[in-house]
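Protein chains in written order, with our numbering: chain A, 1 to 561; chain B, 1001 to 1696. Even glycine gets a Cβ: it sits at the ideal position worked out from N, Cα and C. Please read all numbers here as calculations on a predicted model, not as lab measurements. Working notes, structure below.
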């Protein structure tokens, strides 16, 4: 591929094209979620649409920016499997492979379509979206206790879904034939491919108008610009080394074995090295990460700590940072290690990286946050007539307190930014009743800056159900920083017919009967700084709003009113 | 109507200025006034403007119609100056208002994210036991004692406005109705906003948010309208035909506004007036569609009008808060005359989102601004006349523009001042055009055959470039772009919207049932008209269904226009289904005729005609080149950075009907400048509109 440098293109055209890509990504998202069928797409919005350069590098980040490296991995894989002359206008590649295409987990299906203009490959239009069911041992495919990749669903290595504009109907039949919810999957695939192709068409128009070479050069300039921004930000940091480590409760299978994440960050001039070699061995259960996910976490933390409003994240930043891994570790797993619960692993890793980053950027220091978890209910009594039998929800938690900031309560945190599903929608479509959606006083870790407060959600089942819960932070709650205390640990509690409560593991698969129920408590954010230094006004406000109880104020802050 | 009644008055209150348009009913002539807005006492500015007309000889008793658009409620929200609100929610659900959508709306990399300040924090929220199920059945009775205790506590705590939002209240309003009755017993002075009245729609957070906004801003609007009523009465403006603009492009009588239950319908009344004026005044030649471009100091508002009707949405965000009532569909981007150009750390030229505003304003204002703004670029390139800004009442400092452009953009990027200016303009113009394209694509609209209608101070300066970029061939510049929104207030009907959610598979809904739901909503409309003292004569009801494919999460509005006159039949329901498929295909590019469909909500729009401004031709246009006495001189204009073109300047007020000007040319008027690019012709039509057409 010919290399073009930024010097050959004027900054106005670069900015015009950057704006055009941003508008286009927005448009692709809009059409996808408004016309998607599954609640995962339409309510949670668990997907991304992007435009990539010829090497698969992200031009403008989508809301789920952490898919960025997965796309590059997918494109790398296409080039290793296909000769360039085998990639044609009108092709659409599909893959959900966590290792070969870097997809977050098997449920996430990626589509990648080349953009050809004036006889040249200009870049790719692509999308990744969570599918309602792609086979595997559990309904809904996502698993808290799989022990092999093969348990998590049908695996598609990068292959052609459309050949020169022609849909491979046989392949579609294979995919749908492996799904427990072929209707939802068909509808979502349809909407996803339409959004991906829309990106191809719009970018072709731009390339025809501005010239394919100009678009290619503009992409290079945009990517190089972001790399320069990051290099300058790193150069402004003090040289040195900082390490941190942290633990996840367990891997969902070996319940007595915490999972260790570790990082050593070295800053040398304008270079940053992130070494993950000390992380624990790859896990038996589905909490393993691959380098694409780890790289995404790394850039999230770098941009967040060094200047979220100054640095424009994109795929160009990849060249600025060196990542080091040891083989067969939880941050660099080998197939067929299972990966389904990757997000809670990502979010633990983010806490660990940010703890190490605090050494270099203390004004952006933040304590541990409450992670993200999902709830899947497969209704065994047929569900509610006319509606799906699969209920899937994703819950946020709370941020840790940070330098100068209380942690934000009851929100999606860090990489995760999905919508909660409305109670009125859930009860109208599924045979459940949500009998409580409240917050948990004293759940925010005490500190000069308090950790965010967590919520509780309680369910009553009106039919028999298989329930898959994927979460953690029950044994290792979000950590405090600089003298701040840990946040409240999470709980997952079943409620029997007679009202008996039983604590269940934070991750697992459970069969429940109609009339039974459960509640889930999210973990509160860790506190930052010595609680004794908290502004008494802030404590009074917390008491007034009910975020802290009088007993908690006395116990945690020595506050008597 | 009294025999001496002769005038209708439209008053549009903006953040800094209030525009007034006085229409002489007999002659069709229009007079305009511009006065300063008075945020501290908002009614005062309006009355000042009215008094200016009276001082010029208009008898206050001769004003027979008063129509008003205002940003007072929106400003109160932006400054958090609303009422003290107490909130009652279903017991056990305190997290709904905290979690909101759960997703963060800011920069995804900023973990110091904060939510908007709550309107009713937890300390002002009371939980009330009682539960309705999804089908509307009562699961647990309302705890009336708890309502009573909460009401007294609110009263003692200085609350003036109470919001009530219970789960599933849209399916069964009895608990909220009973709550209001108790509140009225205990605390009759309180404003009450029930979610089942404000927004009886499924999804608890948008309904709660909308109800809170109504509770917060209702008292502000009610007090304001009372002040205004008093001032108008005292000023001798006797007419009770007093109307307030709504976000949906219709007006409501003051009598409806003072009830306080419909405040949330008025929050976008200012921008809606401009879009309404565009829909009504752009003439039959624009029937294919209109793109409005209202480019002011800080932003550009864009709206679409198709077949004479502005497009609408049912969910909008206001200051980061969801608002679920119908509003004219608009998008806003930070591209105004005051938007600041800067070079980011990556070495890219950016424009906005920061704006120099009116103070200090662009560098050329000479008020101490040293950041180059879009207006500075327009000045340096010769589009604007530095000696004729606002009719010469303000002169602009070209040297200051050049200095700011050189220091902040040119030198850092190695560009000349003119290259920097041309770059800024290109970025802004293409961003506006891209926004039009994306916005249109989201709504299933292709604007290429549309007319572009610029207004606001900077609209016509940039409209030509935007049209070129979009492939639009026609631009419509109204006679007074500055007073266009105020004129829109005289161009609309009374409109009331009613909605009710009832989520059911369509095959389970009989035509009789649908008819009954619609009839109930229509009965409500009749009752409200009676309360407002408006006649039913000429009242028209428009029915719509919100529908979606089973499994989808977002609904499309489907008009039942032409279906079911004399009662809905099974055939009509099938017809509605077909329309839904067509609409889905139009918007999203695909439809699934074999897939089952759900009805989510029923909507009724009530429309009552009120007297409207009808533009009249001023004379017969005679097509001829612009006469010599309309030429003010020439100026070098840089349509491209490297080539200056000696360009003729015209005075708009001296162009007779039918006169045409071929581009490149500049036409100047008091409150705007119209750029006629190369290959475009501008001609004056019979109504003194300026029509720009591209030679194809």
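Item checked: Where residue 31 (chain A) falls: helix, strand or coil (DSSP) -> Residue mapping note: residue 31 (chain A) aligns to position 31 of the first chain, counting from 1. Three-state DSSP puts residue 31 (chain A) in a helix.
Check: If you pair each beta-carbon of the region 175-182 of chain A with each one of the region 1529-1548 of chain B, do three or more pairs fall below 8 Å?
Finding: no
Checklist line | Cβ separation of residue 1215 (chain B) and residue 1313 (chain B), assumed to be a contact under 8 Å, to the nearest whole Å | finding: The residue given as residue 1215 (chain B) occupies position 215 in the second chain. The residue given as residue 1313 (chain B) occupies position 313 in the second chain. Rounded to whole angstroms, the Cβ separation of residue 1215 (chain B) and residue 1313 (chain B) is 23 Å, and the two are not in contact under 8 Å.
Item checked: residue 266 (chain A) at chain B interface by Cβ criterion, 7 Å -> Working through the first chain from its first residue, we reach residue 266 (chain A) at position 266. Residue 266 (chain A) does not count as touching chain B.
Notebook entry, point to check: How big is the Cα-Cα spacing for residue 514 (chain A) and residue 1175 (chain B)?
Noted result: Along the first chain, read from residue 1 onward, the residue named residue 514 (chain A) stands at position 514. Along the second chain, read from residue 1 onward, the residue named residue 1175 (chain B) stands at position 175. For residue 514 (chain A) and residue 1175 (chain B), the distance between alpha carbons rounds to 28 Å.
Check: Roughly how many whole angstroms lie between the Cα atoms of residue 1510 (chain B) and residue 1503 (chain B)?
Finding: Within the second chain, numbered from 1, the residue matching residue 1510 (chain B) stands at position 510. Within the second chain, numbered from 1, the residue matching residue 1503 (chain B) stands at position 503. Their Cα atoms are separated by approximately 14 Å.
Notebook entry, point to check: Got a sec? Which residues, its chain only, sit under 6 Å from residue 1567 (chain B) by beta carbon, not counting five neighbours each side?
Noted result: Stepping through the second chain from its first residue, residue 1567 (chain B) is reached at position 567. Only 1515 meet the Cβ criterion.
Notebook entry, point to check: Interface residues of chain B around residue 19 (chain A) at Cβ under 8 Å?
Noted result: Residue 19 (chain A) sits at position 19 when you count from the first residue of the first chain. Near residue 19 (chain A) (Cβ distances below 8 Å), the residues of chain B are 1427, 1430, 1431 and 1434.
Checklist line | Residue burial classification, residue 309 (chain A) (beta-carbon count within 10 angstroms, cutoff 16) | finding: For the purposes of this step, residue 309 (chain A) is identified with residue 309 of the first chain, where counting begins at 1. Answer is exposed; the Cβ neighbour count stays below 16.
Note to self: Below 8 Å on C-beta distance, what does residue 1203 (chain B) contact in chain A?
What the structure shows: To locate residue 1203 (chain B), count along the second chain from 1; it is residue 203. Within 8 Å Cβ-Cβ: 422, 424 and 425.
Checklist line | Contact between the region 1595-1603 of chain B and the region 1611-1630 of chain B (3+ Cβ pairs under 8 Å) | finding: no
Next item on the list: Answer with yes or no whether the minimum CB distance from residue 439 (chain A) to chain E is below 7 Å.
Entry: Among the protein chains in the structure shown, which are A and B, there is no chain E.
Check: Is residue 1047 (chain B) close to chain A, meaning its C-beta is less than 7 Å from at least one C-beta of that chain?
Finding: Mapped onto the second chain, residue 1047 (chain B) falls at position 47. No, because no Cβ of chain A sits closer than 7 Å to the Cβ of residue 1047 (chain B).
Next item on the list: Taking the CB atoms as reference points, tell me whether residue 96 (chain A) and residue 167 (chain A) lie closer together than 7 Å.
Entry: By one-based count along the first chain, residue 96 (chain A) stands at place 96. By one-based count along the first chain, residue 167 (chain A) stands at place 167. No. Outside cutoff.
Next item on the list: Kindly identify the DSSP beta-bridge partner or partners of residue 1601 (chain B).
Entry: Position 601 of the second chain, counted from the start, is the residue given in the question as residue 1601 (chain B). B:1501 and B:1546, per the DSSP bridge assignment.
Checklist line | 4 or more residues per run - each alpha helix (DSSP H) lying fully within the region 1443-1497 of chain B | finding: 1459-1470 and 1484-1488
Next item on the list: Given a cut-off of 7 Å, decide if residue 1154 (chain B) and residue 304 (chain A) are closer than it, judged by their beta-carbon atoms.
Entry: Reading the first chain from its first residue, position 304 is the one you call residue 304 (chain A). Reading the second chain from its first residue, position 154 is the one you call residue 1154 (chain B). Contact: no.
Next item on the list: Can you tell me which of the three DSSP states residue 1013 (chain B) falls into?
Entry: As a first step, residue 1013 (chain B) must be located in the second chain, where it is residue number 13. The answer is strand: DSSP assigns residue 1013 (chain B) an E or B state.
Checklist line | Cβ shell of residue 1579 (chain B) (< 6 Å), same chain only, five flanking positions each side left out | finding: Taking the second chain and counting its residues from 1, one reaches residue 1579 (chain B) at position 579. These residues qualify, in order along the chain: 1558.
Next item on the list: Examine the Cβ distances between the region 109-121 of chain A and the region 81-97 of chain A and report whether three or more of them are shorter than 8 Å.
Entry: yes
Check: Got a sec: is the Cβ-Cβ distance from residue 410 (chain A) to anything in chain B below 7 Å?
Finding: The sequence position of residue 410 (chain A) within the first chain is 410, counting from 1. Flagged as an interface residue toward chain B: residue 410 (chain A), by a C-beta distance shorter than 7 Å.
Item checked: For residue 1311 (chain B), the nearest candidate out of B:1439, B:1340 and B:1385 (CA to CA) -> As a position in the second chain, residue 1311 (chain B) is number 311, starting the count at 1. Of the listed residues, the one whose Cα sits closest to residue 1311 (chain B) is B:1439.
Notebook entry, point to check: What do you get for residue 1553 (chain B), buried or exposed, if any count of 16 or more other CB atoms within 10 angstroms of its CB means buried?
Noted result: Your numbering for residue 1553 (chain B) matches position 553 in the second chain. Per the 10 Å Cβ criterion, buried.
Item checked: Assigned secondary structure, residue 1134 (chain B) (DSSP; H/G/I helix, E/B strand, else coil) -> Against the second chain, residue 1134 (chain B) aligns to sequence position 134. If DSSP states are grouped into helix, strand and coil, residue 1134 (chain B) belongs with coil.
Next item on the list: Report the residue from A:378, A:415 and A:474 whose alpha carbon sits nearest the alpha carbon of residue 465 (chain A).
Entry: The residue labelled residue 465 (chain A) in the question sits at position 465 within the first chain. For the residues A:378, A:415 and A:474, the minimum Cα distance to residue 465 (chain A) belongs to A:378.
Notebook entry, point to check: In chain B, which residues lie less than 7 Å from residue 63 (chain A) when you measure between Cβ atoms?
Noted result: Translated into positions along the first chain, residue 63 (chain A) becomes position 63. The answer, in chain order, is 1108.
Notebook entry, point to check: For residue 416 (chain A), which option in A:556, A:293, A:169 and A:426 has the closest C-alpha, if you only look at C-alpha atoms?
Noted result: Residue 416 (chain A) sits at position 416 when you count from the first residue of the first chain. Residue A:293 is the option with its Cα nearest to residue 416 (chain A).
Check: Helix, strand or coil for residue 210 (chain A) per DSSP?
Finding: What you label residue 210 (chain A) is simply residue 210 of the first chain in a count that begins at 1. DSSP places residue 210 (chain A) in helix when its eight states are reduced to three.
Check: In chain order, what residues of the same chain lie with their CB nearer than 8 Å to the CB of residue 1679 (chain B), ignoring the 5 residues before and after it?
Finding: Against the second chain, residue 1679 (chain B) aligns to sequence position 679. 1663, 1694 and 1695, listed in sequence order.
Margin query: Please state whether the Cβ-Cβ distance between residue 1472 (chain B) and residue 1237 (chain B) is less than 7 Å.
Written below: Position 472 of the second chain holds residue 1472 (chain B). Position 237 of the second chain holds residue 1237 (chain B). Their beta carbons are not under 7 Å apart, which means residue 1472 (chain B) does not touch residue 1237 (chain B) by this criterion.
Margin query: Between which residues of its own chain and residue 511 (chain A) is the CB-CB distance below 7 Å, once the five residues before and five after are set aside?
Written below: Counting from 1 along the first chain, the entry for residue 511 (chain A) is found at position 511. Closer than 7 Å at the Cβ level, and outside the excluded window around residue 511 (chain A), lie 466.
Next item on the list: State the DSSP-derived secondary structure class of residue 255 (chain A), mapped to helix, strand or coil.
Entry: For the purposes of this step, residue 255 (chain A) is identified with residue 255 of the first chain, where counting begins at 1. Correct three-state label for residue 255 (chain A): coil.
Checklist line | Separation of residue 354 (chain A) from residue 1133 (chain B), as counted between CA atoms | finding: Taking the first residue of the second chain as position 1, residue 1133 (chain B) is located at position 133. Taking the first residue of the first chain as position 1, residue 354 (chain A) is located at position 354. Cα-Cα distance, rounded: 44 Å.
Note to self: Does residue 969 (chain B) pass the burial test, meaning 16 or more other C-beta atoms within 10 Å, or should it be called exposed?
What the structure shows: Nothing can be reported for residue 969 (chain B), as the shown portion of chain B is limited to 1001 through 1696.
Next item on the list: Work out the CA separation of residue 546 (chain A) and residue 1090 (chain B) for me, nearest whole Å.
Entry: Counting from 1 along the second chain, the entry for residue 1090 (chain B) is found at position 90. Counting from 1 along the first chain, the entry for residue 546 (chain A) is found at position 546. For the pair residue 1090 (chain B) and residue 546 (chain A), the Cα-to-Cα distance works out to about 17 Å.
Next item on the list: Identify which residue in A:524, A:227, A:130 and A:56 has its Cα closest to the Cα of residue 440 (chain A).
Entry: Within the first chain, the letter at position 440 stands for residue 440 (chain A). Nearest C-alpha to residue 440 (chain A): A:524.
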